Amino acid sequence: MECWPVFGQGLFPLQQGCSRHLVWWLSVLASVYLCTVCESFNSFRPERQEWSFNHMTVHRSSGAVYVGAVNRIYKLSGNLTLLVSHDTGPEADNKGCYPPQTVQPCSEPLSPTNNINKLLLIDYDQSRLLACGSLHQGVCKLLRLDDLFTLAEPSHRKEHYLSSVDRTGTMYGVIVPRPGQDAATLFIGTAVGGKQDYFPTLSSRKLPHDPESSSMLDYEMHSDFVSSLVKIPSDTLALVPRFDIYYIYGFASGAFVYFLTVQPETHESGASGDGASADLFYTSRIVRLCKGDNKFHSYASLPLGCTRRGVEYRLLQAAYLSKPGPTLAAALNVSTQDDVLFAVFSKGQKRYHRPPDDSALCVFTVREINARIKERLQSCYQGEGHLELHWLLGKDVHCTKAPVPIDDLFCGLDINQPLGGSQLVTGLMLYTETRDRLTSVASYVYNGLCVAFVGTRSGRLKK
Numbered sequence: 001m002e003c004w005p006v007f008g009q010g011l012f013p014l015q016q017g018c019s020r021h022l023v024w025w026l027s028v029l030a031s032v033y034l035c036t037v038c039e040s041f042n043s044f045r046p047e048r049q050e051w052s053f054n055h056m057t058v059h060r061s062s063g064a065v066y067v068g069a070v071n072r073i074y075k076l077s078g079n080l081t082l083l084v085s086h087d088t089g090p091e092a093d094n095k096g097c098y099p100p101q102t103v104q105p106c107s108e109p110l111s112p113t114n115n116i117n118k119l120l121l122i123d124y125d126q127s128r129l130l131a132c133g134s135l136h137q138g139v140c141k142l143l144r145l146d147d148l149f150t151l152a153e154p155s156h157r158k159e160h161y162l163s164s165v166d167r168t169g170t171m172y173g174v175i176v177p178r179p180g181q182d183a184a185t186l187f188i189g190t191a192v193g194g195k196q197d198y199f200p201t202l203s204s205r206k207l208p209h210d211p212e213s214s215s216m217l218d219y220e221m222h223s224d225f226v227s228s229l230v231k232i233p234s235d236t237l238a239l240v241p242r243f244d245i246y247y248i249y250g251f252a253s254g255a256f257v258y259f260l261t262v263q264p265e266t267h268e269s270g271a272s273g274d275g276a277s278a279d280l281f282y283t284s285r286i287v288r289l290c291k292g293d294n295k296f297h298s299y300a301s302l303p304l305g306c307t308r309r310g311v312e313y314r315l316l317q318a319a320y321l322s323k324p325g326p327t328l329a330a331a332l333n334v335s336t337q338d339d340v341l342f343a344v345f346s347k348g349q350k351r352y353h354r355p356p357d358d359s360a361l362c363v364f365t366v367r368e369i370n371a372r373i374k375e376r377l378q379s380c381y382q383g384e385g386h387l388e389l390h391w392l393l394g395k396d397v398h399c400t401k402a403p404v405p406i407d408d409l410f411c412g413l414d415i416n417q418p419l420g421g422s423q424l425v426t427g428l429m430l431y432t433e434t435r436d437r438l439t440s441v442a443s444y445v446y447n448g449l450c451v452a453f454v455g456t457r458s459g460r461l462k463k
């Protein structure tokens with residue numbers, strides 16, 4: 001089995017009004033499904049052109065395709081035949097209603113509002129789908145996998161409101177099973193759109209087996225002194241009014257959960273005076289937490305990117321976790337069972353919301369990421385430097401020297417946390433594109449060959 005990007009070009013026409021990322025993904029699925037019989041590509045379109053596709057997940061056993069779109073959740077067969085459709089909107093709403101008017105009367109004027117799907121996850125242990133949207137401050141539904149029947153729609157407590165941001169590509173979640181317990185854990189990161197008092201940017205929540213449990217989406221831990229959540233401080237928004245953290249990708253590997261984010265820099269030399277989006281410098285970061293850390297003492301974050309001939313690619317567009325085959329594993333000095341991370345970046349660190357077309361595909365090993373985080377922890381526990389997490393701490397906090405052994409599974413203490421860093425974790429650059437920005441990436445093992453698929457801004461597929 002090889003896992004090495006083999007690049008060619010293929011053009012798939014875009015349906016007008018649909019997300020390029022999802023059209024590209026559905027084209028990949030159709031091509032894999034049909035390539036053995038050389039048939040033409042199948043396609044699937046929403047009922048209305050403006051109801052774009054936002055997210056997609058494929059069941060690892062059945063091959064069923066679940067698509068989160070504006071106002072709809074779809075279940076498709078492997079050849080993109082529609083099996084079930086579930087309505088999620090539009091509904092009467094107003095972003096100013098907190099709690100939403102479904103819970104208590106709201107004085108704000110209501111109007112028909114689209115529900116943009118922001119999170120779509122399969123809970124394999126309980127055979128259900130978690131679908132979270134933009135309506136009613138970001139409530140979620142639990143749907144039965146077979147027929148998309150609504151099992152629960154918790155919406156009556158503040159823990160049920162994840163974020164009212166109505167942009168896709170700002171939220172990501174990871175479900176961590178808890179064998180022998182009656183609930184899994186949902187790690188979720190989201191942009192908050194300036195409502196830092198209402199929504200944490202990162203949290204871990206209970207996902208009980210019983211969909212009607214009163215503890216559904218409760219924080220794993222919540223007290224006056226310690227909680228399983230991170231909020232953006234109001235002082236950070238005073239410094240950078242448009243500060244937010246965009247969660248691009250997330251995954252679990254070994255004992256840890258990881259999130260890949262993009263956020264403005266907030267140290268004194270990097271923050272603009274008025275927080276204007278065009279003036280900000282952005283940094284892509286990888287955030288790591290221990291799976292069982294309810295206190296978030298293991299929070300560690302390092303910048304991520306890749307460089308070539310002095311040119312930096314630092315604006316993360318997409319990422320995908322995979323396994324390497326023998327050739328790539330040898331090049332990266334890992335085994336074929338190690339996890340590797342493919343990531344797509346645009347050039348530079350400015351204009352994140354309108355990134356340049358100059359972009360690159362890079363690969364990282366999770367082993368190297370962990371090694372760099374371990375080095376950072378060891379350095380800090382030797383009393384060297386600062387915590388370097390200005391956006392969260394608001395000041396330079398010195399590392400505290402402590403005789404603590406830092407092994408590969410260290411999950412933090414109540415000192416030297418949360419921990420940031422400024423040394424770039426650099427990936428191996430595999431491919432660059434200067435005219436048609438790379439926007440999506442996935443890898444797939446086919447006939448013993450692991451191929452990297454890369455989607456572009458114009459809707460082209462490169463493999």
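All residue numbers for the sequence shown refer to the UniProt record's numbering, where the first residue is 1 and numbers rise by one.
A virtual CB, placed ideally from N, CA and C, is assigned to each residue, including glycine.
Because the structure is a prediction, the values reported are computed rather than measured.
Residue i in three-state terms, based on DSSP
i, result
"Pro46", "coil"
"Leu461", "strand"
"Pro211", "coil"
"Tyr161", "coil"
"Gly273", "Its pLDDT being 46, under 50, Gly273 is placed unreliably by the model, and the measurement read from it follows with that caveat. Residue state, collapsed to three classes: coil."
"Pro326", "helix"
"Tyr381", "helix"
"His222", "strand"
"Arg435", "coil"
"Val334", "coil"
"Val240", "coil"
"Ala371", "helix"
"Asp279", "helix"
"His55", "strand"
"Ser234", "helix"
"Leu430", "strand"
"Leu289", "strand"
"Arg354", "coil"
"Arg60", "coil"
"Arg309", "coil"
"His390", "helix"
"Val366", "helix"
Length of the line joining the Cα atoms of residue i and residue j
i, j, result
"Lys231", "Glu388", "17 Å"
"Ser214", "Tyr258", "28 Å"
"Arg114", "Lys323", "What sits at residue 114 in the sequence shown is Asn, not Arg. Going by the C-alpha atoms only, they are around 38 Å apart."
"Ala183", "Asp218", "11 Å"
"Glu159", "Leu119", "16 Å"
"Asp123", "Glu108", "36 Å"
"Leu438", "His390", "31 Å"
"Gly421", "Ile286", "10 Å"
"Phe149", "Gly310", "53 Å"
"Ser359", "Phe345", "6 Å"
"Leu239", "Glu265", "11 Å"
"Gly292", "Val404", "20 Å"
"Arg460", "Ser301", "33 Å"
"Thr400", "Thr432", "42 Å"
"Asp93", "Phe53", "21 Å"
"Ser228", "Leu202", "8 Å"
"Trp51", "Leu82", "16 Å"
"Phe41", "Gln349", "37 Å"
"Asn370", "Leu304", "13 Å"
"Lys195", "Ile415", "28 Å"
"Pro177", "Phe364", "25 Å"
"Lys95", "Gln137", "7 Å"
"Val334", "Phe281", "34 Å"
"Pro90", "Gly383", "54 Å"
"Lys347", "Arg242", "22 Å"
"Asp166", "Val70", "10 Å"
Distance CB(residue i)-CB(residue j) smaller than 8 Å
i, j, result
"Leu162", "Ile175", "no"
"Asp357", "Thr434", "yes"
"Cys306", "Met221", "no"
"Ser134", "Ser164", "yes"
"Ala191", "Tyr246", "yes"
"Gly169", "Ile248", "yes"
"Gln423", "Ile406", "no"
"Gly68", "Asn117", "yes"
"Phe256", "Arg288", "yes"
Whole-Å CB distance - residue i paired with residue j, under 8 Å assumed
i, j, result
"Thr57", "Leu121", "7 Å"
"Ala131", "Ile73", "5 Å"
"Val366", "Leu341", "6 Å"
"Leu129", "Tyr66", "6 Å"
"Gln126", "His209", "6 Å"
Complete beta strand (DSSP E) runs within the segment 110–178 (minimum length 3 residues, chain order): 111–113, 119–123, 128–132, 140–144, 150–152, 171–176
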